[in-house]
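Positions 38 to 283 (this note's numbering) are the ones given, in order, by the sequence shown.
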Amino acid sequence: MTYDWLTPSPAERVRWDVDVLYGPWPRHHRDVGLAEVRERLARSPVERALALSTRGALFDADSGNAATLRELADCPELLPVGTVDLRDAWGAEERIEGLHAAGVRFLRLFTVEQGAEPGFPGYRHVVDLALARGMVLLQDGDPRRFGPALADRGARVVFLDLHAYLLGDFLLLARREPGFMATTRLLSAPDSVERVVAAVGAGRLVFGSRTPFTDISPQTLRLRYARIGAAEREAIAGGNVEELLS
38 MTYDWLTPSP AERVRWDVDV LYGPWPRHHR DVGLAEVRER LARSPVERAL
88 ALSTRGALFD ADSGNAATLR ELADCPELLP VGTVDLRDAW GAEERIEGLH
138 AAGVRFLRLF TVEQGAEPGF PGYRHVVDLA LARGMVLLQD GDPRRFGPAL
188 ADRGARVVFL DLHAYLLGDF LLLARREPGF MATTRLLSAP DSVERVVAAV
238 GAGRLVFGSR TPFTDISPQT LRLRYARIGA AEREAIAGGN VEELLS
């Protein structure tokens, strides 16, 4: 017997993955370098991705951003993402200005690893700097905690850690905030994707796999079998990211 889900389908095609990392990570059993991440993506239905070196999040923002820009310059399928150290918000202005000058459109905030809270002055300062330059925030952590701090500011934010259990609160936030989006990664309930599409539209979801720390296949299968229309699936699989880049 051959199961349908074992046969690749065009419905699993993903034009943009917004959640790709490479390099060392404390909770991962080994370092996964750029070459291996690119190989994994090449074997998957993912065509392009937003990516960055973990050096910027865990060790040093300046050298991490420099490494991301340098190493991805020869990777046409990967678009560089920048970051800053939220524990050194005083120096963030120069770093964000440098990223902006380099054409970086997305700023990823590692609040969990860097122990930043939404009410911290440093966090709010970094957000102010990024929004003033029109950058899109890739926000980790609980959207119930960080969403209110980002509301009423015209912010464009992709929440990377929206879990199915938190969906109700996110929908309340998203109904008021047209710039609030989330990835599909943790929307594992049978109707999570469908609930978002029905409540606030497919324009609020993007594909994010957290490669290489999680497997891509369950993510693409979730998109394939979501009970949504083809146009809605296309928006989630890449169209919404392309709008952010336009």
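Yeah, the Cβ is synthetic: ideal placement off N, Cα and C, and Gly gets one too.
Values in this document were obtained by computation on a predicted structure and should not be read as measured data.
### Query
Secondary structure at L224, three-state DSSP: helix, strand or coil?
coil
### Message
Just to confirm the assignment: which complete alpha helix (DSSP H) runs, minimum length 4, are found wholly within the region 225-270?
### Response
229-237, 254-262
### Message
Along the chain, where does the beta strand (DSSP E) containing L174 start, and where does it finish?
### Response
173-176
### For D54, three-class secondary structure by DSSP
strand
### For L282, the first and last residue of its enclosing beta strand (DSSP E)
Note, L282: premise wrong, no beta strand (DSSP E); alpha helix (DSSP H) at 277-282.
### Task
Look at the alpha carbon of Y262 and the alpha carbon of E131, and state the distance between them as a whole number of angstroms.
45 Å
### Task
Using 10 angstroms around the beta-carbon of L197, count the other beta-carbons present and answer buried if the total reaches 16, otherwise exposed.
buried
#### Entry: DSSP state of A110 mapped onto helix, strand, coil
coil
### Query
Whole-angstrom Cβ separation of D179 and L203, contact assumed at under 8 Å?
7 Å
### Message
Pop quiz: L175 and A167 are said to be a contact at Cβ under 8 Å. What is the actual Cβ separation, rounded to whole angstroms?
### Response
So it is not a contact: roughly 10 Å between Cβ atoms.
### Query
Along the chain, where does the alpha helix (DSSP H) that runs through F207 open and close?
204-213
### Query
Just the Cα atoms here: how many angstroms apart are A201 and S229?
6 Å
### Contact check, V57 vs A94, beta carbons under 9 Å
no
### Task
Going by CA-CA distance only, name the one from G140, A72, V237 that's closest to P117.
G140
### Task
Ignore the nearest five residues each way along the sequence and tell me which others in T91's own chain have a CB closer than 8 Å to its CB.
L58, Y59, G60, P61, W62, G101
### Message
Is the separation between the beta-carbon of T220 and that of P82 shorter than 9 Å?
### Response
no
### Cβ contact (3+ pairs, closer than 8 Å) linking the region 258-278 and the region 62-81
no
### Task
For D122, count neighbouring C-beta atoms within 10 Å of its own C-beta (all shown protein chains included) and say buried if the count is 16 or more, exposed if not.
buried
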